[in-house]
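According to my numbering, the stretch in the sequence shown is residues 672 to 923, in order. Taking it in order: structure first as structure tokens, then the write-up.
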Amino acid sequence: MPTTRASDPWADAATAALTERGAGLLRLDVDPDTDGADRAALATVVRRAVEGAGELAGVLSLLPLDESAHARYPATPRGFAATQTLLQALGDAAVTAPLWCATRGAVSTGPSDPLTHPLQAQVWGLGRVAAEEVPERWGGLVDLPQAADRRSRGRLADVLAGLDGEEQVAVRPAGVFANRLVRAPWHEPARDPAWAPCGTVLITGGTGALGGYVARWLAGNGAEHLLLVSRRGPAAPASTPSRPNSATGAPG
Ligand SMILES: NC(=O)c1ccc[n+]([C@@H]2O[C@H](COP(=O)([O-])OP(=O)(O)OC[C@H]3O[C@@H](n4cnc5c(N)ncnc54)[C@H](OP(=O)(O)O)[C@@H]3O)[C@@H](O)[C@H]2O)c1
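Encoded structure:
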């Protein structure tokens, strides 16, 4: 069952990809401002859509592709908010089929693959939490390429069919990429600091626990003036000049 914002080209492409593989589809076009904005309303929409449909094999959501501002919380993309609502609504509607969420440009596979849609990366954060909290109905995350060509559509279908059991993947023109931890190359640390402060250095949050350490390091390495800012300014407890604790070196 794909849930979509119908206007994105990947909505039709994903539908075609799954139809070409013989999947029976229930397509649900969700308006994030109405259905997607409210958990109970979306659960009702989902319940109606799946009524009599038999057991679902999976749910693919393209809601994360919508980066427009949420009506009440403009700093939040509508698609991200709707994804969380969908996750809850599927549970409320007793849909236990695994949910896959699709993004585009939310992850990078390497230096030649720039991350073009960092707003959608929020869904990758949400998805990893969902994988821990509701593993029984979580499918995975798939990052789509710009072009919804035939080859990419086929790769999306492969991923949804359980390709190699991977659940965090990026579909690219060169193939399907999965994330791996690799050892970082070891570089001998430079003897001298690569960056030598000079002039005035601004330290935001400079009156907090770490601010004192940072300020002392900067002063010891050549900063001529330090500008420490915070809401309380000189009224902050740590603003009182004091000597470092002789036992620990911690600022007093
Ligand atoms: N301490 C650690 O071991 C540690 C480890 C890893 C990461 N960090 C991160 O490093 C950062 C600093 O840590 P910290 O331990 O020094 O924290 P802290 O002791 O709570 O200090 C925070 C500083 O930021 C200022 N501040 C807070 N909200 C502000 C705002 N809205 N506008 C302007 N200034 C603001 C505070 O002063 P006012 O309240 O007066 O504004 C204070 O000077 C935090 O983000 C923390 O999560 C800390």
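Cβ coordinates follow ideal geometry from the N, Cα and C atoms, glycine included.
ask   = For V842 versus V805, is the C-beta spacing smaller than 9 Å?
value = For V842 and V805, no; Cβs fall outside 9 Å.
task = Could you pull out every residue in the same chain whose Cβ sits closer than 7 Å to the Cβ of F848, ignoring the five residues on either side in sequence?
result = T780, V840 and A841
ask   = Where the beta carbon is closer than 5 Å to any heavy atom of ligand 1, which residues qualify, in chain order?
value = G876, T878, G879, A880, L881, S901, R902, R903 and A907
query = Cα separation between G904 and L761?
reply = Rounded to whole angstroms, G904 to L761 spans 48 Å at the Cα level.
message = For R710 and L757, I'd like the C-alpha separation in whole angstroms.
response = 7 Å
message = By the three-class DSSP mapping on this structure, what secondary structure does W857 have?
response = coil
ask   = Relative to the alpha-carbon of P667, which residue among Q759, W866 and A777 has its alpha-carbon at the smallest distance?
value = The shown model of the chain, from 672 to 923, leaves out residue 667, and the question about it has no answer.
key: Cβ-Cβ separation, A724 to A764 (assumed contact under 8 Å), whole Å   = Contact flag wrong, Cβ pair sits at about 12 Å.
request  = Classify E838 as buried or exposed, calling it buried when 16 or more other Cβ atoms lie within 10 Å of its own Cβ.
outcome  = buried
ask   = Is V872 near R808, with beta carbons less than 9 Å apart?
value = no
request  = Report the rounded CA-to-CA distance for E895 versus G811, giving the unit in angstroms.
outcome  = 51 Å
task = Look at A801 and H788 and say whether their C-beta atoms are less than 9 Å apart.
result = Cβ atoms of A801 and H788: not closer than 9 Å.
ask   = For A773, which residues of its own chain have a beta-carbon under 6 Å away from its beta-carbon, when the five flanking residues on both sides are left out?
value = L733, V813 and L815
ask   = Roughly how many angstroms separate the alpha carbons of G693 and T705, rounded to a whole number?
value = 32 Å
key: Terminal residues of the beta strand (DSSP E) in which L696 lies   = That residue, L696, is in no beta strand (DSSP E); it is neither H nor E in DSSP.
inquiry  = Buried or exposed, going by whether 16 or more other CB atoms sit within 10 Å of the CB of G836?
reply    = exposed
request  = Go ahead and label A906 buried or exposed: buried means 16 or more other beta carbons lie within 10 angstroms of its beta carbon, across all protein chains shown.
outcome  = Counting other Cβ atoms within 10 Å of its Cβ, A906 stays below 16 and is therefore classed as exposed.
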